[in-house]
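These protein sequences, in sequence, are chains F and Y. Sequence positions in the first sequence follow the working numbering and run 297 to 438. Sequence positions in the second sequence follow the working numbering and run 297 to 438. Ideal Cβ placement from N, Cα and C applies to all residues, glycine included. Structure record follows, encoded as structure tokens.
There are 2 protein chains.
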Amino acid sequence: MNANKYILKIKEAGLKVTPQRVAILKVLTELNNHPCAEEIAEVLKKDFPGLSLATIYNTLETLAQKQIITKVQSADGKLRFDARLDMHHHLHEMNTGKIEDYYDEDLNSILQEYFSNKSIPGFIVQDIKLQIKGEYINQKLK
Amino acid sequence: MNANKYILKIKEAGLKVTPQRVAILKVLTELNNHPCAEEIAEVLKKDFPGLSLATIYNTLETLAQKQIITKVQSADGKLRFDARLDMHHHLHEMNTGKIEDYYDEDLNSILQEYFSNKSIPGFIVQDIKLQIKGEYINQKLK
DNA sequence: TCTTAAATGAGAATTATTATTAAATAGAAA
DNA sequence: TTTCTATTTAATAATAATTCTCATTTAAGA
């Protein structure tokens with residue numbers, strides 16, 4: 297039932313359930329590292345030789361279109377993806393370029409409160425995410 | 297004196313002041329549109345034929361390194377830049393992919409207040425920016 | 001001026017992404 | 001089940017974005 301979590305999501309979106317799609321969604325979810333296509337290929341090539349990069353790009357685009365995953369905004373000029381759809385934020389580590397998740401319920405409440413009162417003229421807000429730029433003390437390699 | 301604003305910034309960073317650097321910084325500042333290298337080239341090619349794309353990439357990278365400009369986090373897989381360093385946020389228009397500035401002093405106060413109390417363990421915050429995803433009502437082409 | 005380290009331009013090289021198309025296959029229907 | 005067909009995949013060509021290389025030019029200090 298746990299392994300079927302991915303199958304279910306794909307099926308519910310009206311997409312055909314293929315081993316490639318399931319594997320890509322699984323890896324993206326478990327890596328939880330905002331990987332680009334290349335990084336997903338790297339992980340999958342052991343269990344999945346013959347998986348084409350083009351398929352990875354296609355699949356990620358398709359899953360994003362169906363809102364099963366999202367595109368991550370990054371400063372490195374690569375397409376990056378995220379399987380987490382719940383409200384969370386991103387720590388951008390300046391030295392390494394890594395993007396880590398930052399969960400903060402208090403912050404979420406404050407933001408929701410603020411934007412429920414103050415709206416942006418003509419603009420319908422769908423999602424709010426903080427990019428928090430900074431660096432770890434002591435080169436901590438988290 | 298106004299035109300020298302750019303010269304001054306470049307000089308203060310310890311960089312050589314070249315016409316190319318001044319022009320690129322000027323265009324980036326005046327466009328205020330989070331352009332990529334290609335878009336800057338497009339604008340400059342009239343007044344500046346012979347300006348190499350490589351020079352634009354180099355210059356943008358150099359200026360970013362010296363913190364005269366910043367790299368913009370985008371979802372389109374391109375390197376984008378911003379000459380505005382003051383605290384502001386970005387509206388990401390879902391249909392067009394455009395990134396617009398969003399200034400909000402009240403919001404800034406709330407964020408500064410919040411993060412001055414609650415720190416992120418081991419992490420030194422340098423900048424906070426909201427990515428506000430959404431869309432304009434009525435296809436408004438701002 | 002002269003000198004020199006740094007910057008530029010031109011284009012090659014590399015990397016990232018998209019497009020094309022023949023072969024394979026998921027899933028609906030028989 | 002087996003058949004059928006629209007979708008999906010793999011392979012690779014094509015394109016787009018970025019970086020690299022290196023000969024030439026130039027900013028700026030002596």
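Taking only three categories from DSSP, how would you classify F:S415?
Taking the first sequence and counting its residues from 1, one reaches residue 415 of chain F at position 119. The answer is coil: DSSP assigns F:S415 none of H, G, I, E or B.
Residues of chain Y with CB closer than 8 Å to the CB of F:K441, please, in chain order.
This structure gives no information on residue 441 of chain F, because the portion of chain F shown stretches from 297 to 438.
Cβ closer than 8 Å: which chain Y residues qualify as neighbours of F:L327?
Numbered from its first residue, the first sequence carries residue 327 of chain F at position 31. Simply none; closest approach about 19 Å.
What are the start and end residues of the beta strand (DSSP E) that includes F:Y353?
Taking the first residue of the first sequence as position 1, residue 353 of chain F is located at position 57. Taken as a continuous stretch (DSSP letters only), F:Y353 belongs to no beta strand (DSSP E), being part of the alpha helix (DSSP H) at L349 to Q361.
Can you check whether the CB of Y:Q427 is closer than 9 Å to the CB of Y:H384?
Working through the second sequence from its first residue, we reach residue 384 of chain Y at position 88. Working through the second sequence from its first residue, we reach residue 427 of chain Y at position 131. No, they are not a contact pair.
Using a Cβ-Cβ distance cut-off of 9 Å, determine whether Y:N404 contacts chain F.
For the purposes of this step, residue 404 of chain Y is taken as residue 108 along the second sequence, with counting starting at 1. No, Y:N404 does not count as interfacial toward chain F.
Please classify Y:D378: does DSSP put it in a helix, a strand, or coil?
The sequence position of residue 378 of chain Y within the second sequence is 82, counting from 1. It is a strand residue.
For Y:Q369, which three-state DSSP category applies?
The count along the second sequence starts at 1 and reaches residue 369 of chain Y at position 73. Y:Q369: coil per DSSP, three-state reduction.
Note down, in chain order, all residues in the stretch 357-370 of chain Y with a beta-carbon under 8 Å from any beta-carbon belonging to chain F.
K367, V368, Q369 and S370
At a Cβ threshold of 9 Å, is F:K436 touching chain Y?
By 1-based counting over the first sequence, the position of residue 436 of chain F is 140. Annotation note: pLDDT 44 at F:K436 (below 50); position unreliable, no value reported.
Comparing alpha-carbon positions, which option in Y:A337, Y:R380 and Y:N391 lies nearest Y:T325?
Position 29 of the second sequence, counting from 1, holds the residue named residue 325 of chain Y. If we check each option's Cα against that of Y:T325, Y:R380 comes out closest.
Grouping DSSP H, G and I as helix and E and B as strand, with all else coil, what is F:K306?
Numbered from 1 along the first sequence, position 10 holds the residue referred to as residue 306 of chain F. One detail in the question is off: residue 306 of chain F reads as Ile in this sequence, not Lys. The answer is helix: DSSP assigns F:I306 an H, G or I state.
F:G430: contacting residues in chain Y (beta-carbon distance under 7 Å)
Numbered from its first residue, the first sequence carries residue 430 of chain F at position 134. Simply F419, I420, V421 and Q422.
At a CB-CB cut-off below 7 Å, which residues of chain F make contact with Y:Y410?
For this step, residue 410 of chain Y is matched to residue 114 along the second sequence. Those within 7 Å of Y:Y410 in chain F are L403 and I406.
Please tell me whether Y:Q400 has its Cβ less than 9 Å away from any Cβ of chain F.
For the purposes of this step, residue 400 of chain Y is taken as residue 104 along the second sequence, with counting starting at 1. Residue identity differs from the one stated: residue 400 of chain Y is Asp in this sequence, not Gln. By this cut-off, Y:D400 is an interface position.
Amino acids of chain Y, ordered along the chain, whose beta-carbon sits closer than 9 Å to that of F:Q427
Taking the first sequence and counting its residues from 1, the one referred to as residue 427 of chain F is at position 131. Q369, H386, D423, I424, K425, L426 and Q427, listed in chain order.
Could one say the Cβ of F:M390 lies closer than 9 Å to chain Y's Cβ atoms, at least one of them?
Position 94 of the first sequence holds residue 390 of chain F. For F:M390, the answer is yes, since a Cβ of chain Y falls inside 9 Å of its Cβ.
Taking Cβ-Cβ distances below 8 Å as the criterion, which residues of the stretch 340-358 of chain F are in contact with chain Y?
none
Any idea if F:I378 is buried or exposed, counting beta-carbon neighbours within 10 angstroms, 16 or more meaning buried?
Taking the first sequence and counting its residues from 1, one reaches residue 378 of chain F at position 82. Here residue 378 of chain F is Asp; the residue named in the question, Ile, does not match the sequence. So F:D378 counts as buried.
Proximity to F:I395 [Cα-Cα], best of F:E357, F:Q422, F:I306 and F:K429:
The residue given as residue 395 of chain F occupies position 99 in the first sequence. The residue with the shortest Cα to Cα distance from F:I395 is F:K429.
Taking just the CA atoms, how far does F:G346 sit from F:G373?
Locating residue 373 of chain F in the first sequence gives position 77, where the first residue counts as 1. Locating residue 346 of chain F in the first sequence gives position 50, where the first residue counts as 1. So the two alpha carbons sit approximately 26 Å from each other.
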